[in-house]
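Trainee: With the first letter of the sequence shown counted as 1, position 20 gets the number 477 in the numbering used here; the numbers rise by one all the way through.
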Amino acid sequence: MKTRLLLLGAGLIAACYLSATATIAHAQDPLVVNSSTIKLKFENERVRVMEATLPPGAKEQMHSHPAYVIYVLEGGRYRNHASDGKTTEGEFKTGDVIYRDPLTHFAENIGDKPMHLLLVELKDPRAGGASPHG
């Protein structure tokens, strides 16, 4: 009986580990999986700022963002592929500012010009530093 409980416990631990590593592998850091198109510009305990340049036809790898803001330096047409399989198309206009909730996706530039974006990922405000509101 004790051996069965140990085997059951070990099986549950292994299943949890495999589930967690599958989620981590599925939802990668954009700086790691898209290193040729996304570069780190600034990071502290509150935000991470990245610069993305997607040439025409470029297709990213699947990755995840916490809540974030996009500032469009140079716009263009894109196709967004969500982790649930949903695909949408749209256009970023130069000067647009867009807020997005946490997201796992990959995007592709379906236009004929490079897109150039600043991405500002928001970190947990409790992660450090004093609140500006007291």
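No residue lacks a Cβ here, since even glycine has one placed at the ideal position from N, Cα and C.
Taking the alpha-carbon positions, what's the L497 to V506 distance?
Mentor: 6 Å
Trainee: On a CA-only basis, which of D486, R557, E502 is nearest S521? Give me that one, please.
Mentor: D486
Trainee: Within 10 angstroms of the Cβ of F549, are there 16 or more other Cβ atoms? Answer buried if so, exposed if not.
Mentor: Residue burial annotation: F549 is buried, with at least 16 other C-beta atoms found within 10 angstroms of its C-beta.
Trainee: Tell me the DSSP secondary structure of R583 in three-state form.
Mentor: helix
Trainee: Which two residues bound the contiguous alpha helix (DSSP H) that contains P487?
Mentor: From DSSP, the alpha helix (DSSP H) with P487 extends over 487 to 490.
Trainee: Using DSSP with H/G/I as helix, E/B as strand and the rest coil, what is G552?
Mentor: coil
Trainee: In whole angstroms, what is the alpha-carbon distance linking V489 and D553?
Mentor: 26 Å
Trainee: Please confirm whether E565 and E531 have their CB atoms less than 9 Å apart.
Mentor: no
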